[in-house]
Amino acid sequence: LAAVAAITMLPSAANAAEFVNGSFETGVPAGSFTTVAGGNGASITGWTVTGSSVDYIGSYWTAQNGSHSIDLNGSAQGGIQQTFDTLAGIQYNVTFWLAGNPDGAPLTKNVLVSATGATNGEFSFNSTGTSKTNMGWSKYTYNFLAAGPSTTLSFASQDAGAFGAALDNVSVAAVPEPATWALMLIGFAGVGFSMRRRSSTVRGVRYA
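What follows is the structure, given as structure tokens:
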């Protein structure tokens with residue numbers, strides 16, 4: 023019964039507030055790009071801007087996925103964050119793609135990735151030789167162990183100025199997926215039930 027209760031809780035806990043808009047495809051019209059100030063939680067669906075500001079990029083350069091991306095430095099150093107439901111004690115895998123604004127220094131763009139209650143991750147991208155049509159997008163991975171029923175994932179520029187790291191195609195997945203945990207619990211429950219039935223059958227045998 024405990025296993026069944028846990029199984030029924032897993033999907034609802036995992037799906038109540040899902041991670042959304044990892045490729046930044048939904049938001050205000052970006053045009054070439056539009057600068058979004060810190061504290062704004064409405065212009066880029068699912069995300070809140072932190073720090074000074076970010077640039078919500080449309081056609082200004084080639085996105086890694088779809089047609090939009092983020093420059094983590096708008097008029098100055100900024101970042102973005104999103105809060106979504108997690109399962110405490112479960113590990114999550116975050117994949118994302120970085121490039122760099124090719125218009126100015128520094129050549130190496132630095133990003134701090136963090137999640138509630140987890141160790142921060144520091145990532146960098148060297149934009150030498152890149153351009154707005156050849157951004158050189160590279161894939162990165164960050165892992166965290168969920169500390170509670172919700173987690174805030176954030177990406178923050180570590181560079182001053184207006185030419186920051188470019189971010190696109192963020193995805194979050196439990197390791198293993200909650201559905202996999204449910205199947206494992208079903209399996210354990212089935213094995214336990216089978217063993218109990220076998221034990222009861224053996225005890226019921228009478229000998230002449």
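Oh and the sequence shown: position 194 is 216 in this note's numbering, straight run, nothing missing.
Glycine is no exception: its CB is placed at the ideal position from the N, C-alpha and C atoms.
Original post:
For F106, which residues does DSSP report across the bridge?
Top reply: T173
Subject >> Unbroken stretches of the beta strand (DSSP E), 3 residues or longer, contained in the stretch 122 to 175 >> reply: 130 to 137, 143 to 148, 160 to 167
Subject >> Cα-Cα separation between G111 and T141, rounded to whole angstroms >> reply: 14 Å
Subject >> Rounded C-alpha distance that separates G60 from A182 >> reply: Their backbone Cα atoms lie some 15 Å apart in a straight line.
Original post:
Given K161, which residues of its chain have a CB within under 7 Å of its CB, disregarding the five upstream and five downstream residues?
Top reply: T117, W119
Original post:
Given V42, which residues of its chain have a CB within under 6 Å of its CB, disregarding the five upstream and five downstream residues?
Top reply: G68
Subject >> Proximity to Q103 [Cα-Cα], best of G44, S74, Y114, S176 >> reply: The shortest C-alpha separation from Q103 is found at S176.
Original post:
Can you pull the DSSP bridge partners for V50?
Top reply: In the DSSP output, where bridge partners are listed per residue, V50 has none listed.
Subject >> CB-CB length for W83 against K154, believed under 8 Å >> reply: 4 Å
**OP:** Count the CB pairs spanning the stretch 143 to 152 and the stretch 88 to 97 that are closer than 8 Å, and state whether there are at least three.
**Re:** no
Subject >> Beta-ladder partner(s) of V116, from DSSP >> reply: Y164, V194
Original post:
What does a CB cutoff of less than 7 Å around A64 pick up in its chain, not counting 5 residues either side in sequence?
Top reply: none
Subject >> Of the listed residues T72, G80, S45, nearest to G53 (C-alpha basis) >> reply: G80
Original post:
With a Cβ-Cβ cutoff of 8 Å, do P198 and T108 count as a contact?
Top reply: no
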